[in-house]
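Undergrad:
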Ligand code: ADP
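Numbering (the working numbering), first residue to last: 9 to 336.
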């Protein structure tokens, strides 16, 4: 695998995955696992920067691994890692933190958003998050990072850290690029903003059954656009059309677009069709996930073996970095 392009991506251990995670990140991972040298991680060290319950964190980590496996990540093609099992992530993050200015971290939109969301939980780890994320990818000299478009500012930090390190200590790291998928930005079901685990009512989970999908879509607003003319580019109706194009393809999109133009559109019919389309895609994922869930030893083995193999690679980078930085 040595000469293949290196790929890294991580998902926070904050519970089960939703359609945004799936379309923006996991689909990219699946597309890359065949031809690239891939490491995919559940980043539990990032999950502890916002309020969490230590009694359920391990299960949340496992839930993400199960969603990965259900969605089609194949341990024969890629390495699956649990971040906290590879402490070199933290070690590299510390080294990199010594070359990156605090002011730039304070300016990042994700930091500001999280600060506003949890004003009583503004900890050093939260500010440090993008440095740890840079370390996550650079630890494996990752070149391609399949993540949603919301992560672009963090990718920018990563490249800046890599450039700065290379400039100060000699060429060591590549400058990672984002690998974009068609669903790089999945909107919230509630209207404004992206689909996110932290916004109730905004998401559909990969493990939702048809009734739950229907119920969640039923709550999505549709009154913001008046039918006739072009499909709106903002608001609840626009979001439904985005989901329709992602799950129903061009043909389905065009059918409802035509209905919209001719003022014939019935949103209940559109939501019903969309629910079916989403469920059709999720059903095989759920069945595969269940198979892994019923075989906990197999999953333990996948986590253990993947993380051990990652650790070996991580240690090589740490040796190189320490040498270059003049550390013992
Ligand atoms: P969340 O924001 O739901 O807590 P994470 O921050 O753990 O999810 O993100 C995991 C991955 O999923 C990242 O690559 C992120 O870019 C992607 N992602 C999250 N939400 C969306 C979305 N609504 N659309 C596209 N990609 C998304």
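Glycine residues also receive a C-beta, built at the ideal position from the N, C-alpha and C atoms.
Count the other C-beta atoms from every protein chain shown that fall within 10 angstroms of the C-beta of residue 1, then say buried if there are 16 or more, exposed otherwise.
TA: A question about residue 1 goes unanswered here, because the residues of the chain that appear run from 9 up to 336.
Undergrad: Hey, would you say the C-beta of residue 152 is under 7 Å away from at least one heavy atom of ligand 1?
TA: no
Undergrad: Would residue 79 and residue 51 qualify as a contact pair, given that the criterion is a beta-carbon distance under 8 Å?
TA: no
Undergrad: Output needed for residue 297: all residues of its chain with C-beta closer than 6 Å, excluding positions within five of it in sequence on either side, in chain order.
TA: 74, 78
Undergrad: Does the Cβ-Cβ distance between residue 254 and residue 331 come in under 8 Å?
TA: no
Undergrad: Check whether the Cβ atoms of residue 93 and residue 283 sit closer than 8 Å, and answer yes or no.
TA: no
Undergrad: With respect to the alpha helix (DSSP H) encompassing residue 62, which residues constitute its N-terminal and C-terminal limits?
TA: 62-79
Undergrad: Mark residue 176 as exposed unless 16 or more other C-beta atoms lie within 10 angstroms of its C-beta, in which case mark it buried.
TA: exposed
Undergrad: Looking at residue 38: is its Cβ nearer than 8 Å to the Cβ of residue 148?
TA: Not closer than 8 Å, so no.
Undergrad: What's the gap between the Cα of residue 260 and the Cα of residue 227?
TA: 21 Å
Undergrad: On the DSSP letters alone, give me the boundaries of the alpha helix (DSSP H) that residue 245 sits inside.
TA: 244-269
Undergrad: By the three-class DSSP mapping on this structure, what secondary structure does residue 45 have?
TA: strand
Undergrad: By how many angstroms is the C-alpha of residue 118 removed from the C-alpha of residue 72?
TA: 22 Å
Undergrad: If you measure between the beta carbons of residue 141 and residue 126, is that distance less than 8 Å?
TA: Cβ distance not < 8 Å, so residue 141 and residue 126 don't count as in contact.
Undergrad: Is the beta carbon of residue 122 within less than 7 Å of some heavy atom of ligand 1?
TA: no
Undergrad: Which two residues bound the contiguous alpha helix (DSSP H) that contains residue 91?
TA: Looking at the DSSP string, residue 91 is not in any alpha helix (DSSP H), and its letter there is neither H nor E.
Undergrad: CA-CA distance, residue 2 and residue 319?
TA: Nothing about residue 2 can be read from this structure; the chain reaches only from 9 to 336.
Undergrad: Quick check: does the Cβ of residue 67 come within less than 7 Å of any heavy atom belonging to ligand 1?
TA: no
Undergrad: Hey, how far is the Cα of residue 103 from the Cα of residue 287?
TA: 45 Å
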